[in-house]
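Data first, discussion second: the structure below is written as structure tokens.
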Amino acid sequence: MDHVDHILIVDDDREIRELVGNYLKKNGLRTTVVADGRQMRAFLETTPVDLIVLDIMMPGDDGLLLCRELRAGKHKATPVLMLTARSDETDRIIGLEMGADDYLVKPFAARELLARINSVLRRTRMLPPNLIVTESGRLLGFGRWKLDTSARHLLDENGTLVALSGAEYRLLRVFLDHPQRVLNRDQLLNLTQGRDADLFDRSIDLLVSRLRQRLLDDAREPAYIKTVRSEGYVFSLPVEILGAAQ
1 MDHVDHILIV DDDREIRELV GNYLKKNGLR TTVVADGRQM RAFLETTPVD
51 LIVLDIMMPG DDGLLLCREL RAGKHKATPV LMLTARSDET DRIIGLEMGA
101 DDYLVKPFAA RELLARINSV LRRTRMLPPN LIVTESGRLL GFGRWKLDTS
151 ARHLLDENGT LVALSGAEYR LLRVFLDHPQ RVLNRDQLLN LTQGRDADLF
201 DRSIDLLVSR LRQRLLDDAR EPAYIKTVRS EGYVFSLPVE ILGAAQ
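Those letters in the sequence shown? Residues 1 to 246, per the UniProt record's numbering, in order.
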């Protein structure tokens with residue numbers, strides 16, 4: 001039986017929940033709608049989903065808090081598309097920094113939401129050829145960190161696991177596969193996400209910022225990912241293959 005993508009819609013506006021849910025169902029997706037963070041958490045405890053459509057402006061726990069919570073927990077790899085009623089770029093930047101994979105400003109056309117959902121699903125499932133993990137997997141070492149490419153775990157020198165979103169993992173793999181080489185934004189977009197037309201170049205800057213935070217890399221004087229003015233970024237440390245991942 002073919003897999004039908006399951007979309008969880010989290011929005012306190014009943015009319016939007018019903019309209020979006022019905023439209024996505026008519027276009028071949030399975031949908032579940034909930035009104036707030038409490039209902040979202042309860043549903044995810046028992047049922048996996050393929051993507052979460054998450055409204056930012058909600059009473060109680062807002063979408064930014066919920067997105068950060070998702071990225072820190074067992075659902076860290078589940079794609080998140082955020083909805084915002086504000087056109088201010090600041091909200092969009094914060095959402096992406098919290099780990100959202102894309103955003104859409106209200107009001108929006110239902111067909112645009114569907115296109116964004118399909119685009120995010122396609123991106124998150126697509127690994128460029130140079131990022132395909134071998135059957136054994138590898139353990140890569142750099143600075144104080146290790147990356148398990150089989151389990152997609154980032155480990156510090158004490159063996160403490162640091163969660164990575166799917167986008168953060170793909171970007172880190174690109175840097176580790178091309179250490180000490182300057183990569184411009186177009187190259188990074190192509191290597192990590194296939195250069196979808198709905199992405200904007202600033203998304204790479206935001207993703208680099210998030211990855212630096214994971215690596216505890218000071219953006220003012222970074223030790224790992226350095227900015228090359230007018231060119232792009234370079235992963236400045238050598239990378240060592242430590243052996244097969246466990």
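Quick reminder that beta carbons are idealized off the backbone N, C-alpha and C, glycines included.
Query: Would the beta-carbon of leucine 242 fall within 8 Å of that of leucine 140?; Result: yes
Query: Nearest to histidine 75 by alpha carbon, out of Val182, Ala85 and Ile52?; Result: Ile52
Query: Tell me the DSSP secondary structure of threonine 84 in three-state form.; Result: strand
Query: Report the three-state DSSP secondary structure of leucine 8 (helix, strand or coil).; Result: strand
Query: Determine, using beta carbons only, whether aspartate 12 and aspartate 61 come nearer to each other than 8 Å.; Result: no
Query: Kindly give me the distance between the Cβ atoms of glycine 143 and tyrosine 224, rounded to whole angstroms, as I take these residues to be in contact under 8 Å.; Result: 6 Å
Query: Given a cut-off of 8 Å, decide if arginine 71 and methionine 98 are closer than it, judged by their beta-carbon atoms.; Result: yes
Query: Let me know the secondary structure DSSP gives residue 247 once reduced to three states.; Result: Because the chain here runs from 1 to 246, residue 247 falls outside it and cannot be looked at.
Query: Whose C-beta lies closer than 7 Å to the C-beta of aspartate 217 among residues of the same chain, with five residues either side of it excluded?; Result: Ala223, Tyr224 and Ile225
Query: Thinking just about the alpha-carbon of each residue, which of Val162, Val239 and Asn158 is nearest to the one in alanine 151?; Result: Val162
Query: Check threonine 149 in the structure and name its three-state DSSP category.; Result: coil
Query: Can you tell me which of Ser165, Glu18 and Pro59 puts its alpha carbon nearest to the alpha carbon of isoleucine 9?; Result: Glu18
Query: Can you check the stretch 6-52 for any alpha helix (DSSP H) of at least 4 residues that lies completely inside it and give the ranges in chain order?; Result: 14-26 and 37-46
Query: Taking the alpha carbon of phenylalanine 108 as the reference point, which residue from Ile16, Met57 and Leu189 has its own alpha carbon closest?; Result: Ile16
Query: What's the call for glycine 166, buried or exposed, on a 16-neighbour Cβ count within 10 Å?; Result: buried
Query: Apart from the five residues on each side of it in sequence, which residues of its chain come closer than 7 Å, Cβ to Cβ, to glycine 37?; Result: Gly60, Asp61 and Leu66
Query: From the DSSP secondary-structure annotation, give me the bridge partner or partners of threonine 227.; Result: Tyr233
Query: At the level of alpha carbons, what is the spacing between leucine 206 and serine 230?; Result: 16 Å
Query: State yes or no: is the C-beta of leucine 121 within less than 8 Å of the C-beta of tyrosine 103?; Result: no
Query: Please list, in chain order, all residues of the same chain as leucine 176 whose beta carbon is under 6 Å from its beta carbon, the five residues on each side excluded.; Result: Leu140 and Val239
Query: I'd like to know whether the C-beta atoms of threonine 192 and leucine 215 end up nearer to each other than 8 Å.; Result: no
Query: Determine the closest residue to valine 182 out of Gly232, Met58, Gly28 and Leu189, with distance taken between C-alpha atoms.; Result: Gly232
Query: With H, G and I counted as helix, E and B as strand and the rest as coil, what does DSSP make of glycine 143?; Result: coil
Query: Tell me, please, which residues DSSP counts as bridged to tyrosine 169.; Result: According to DSSP, tyrosine 169 bridges with nothing at all.
Query: Below 8 Å between beta carbons: does that hold for aspartate 2 and aspartate 50?; Result: no
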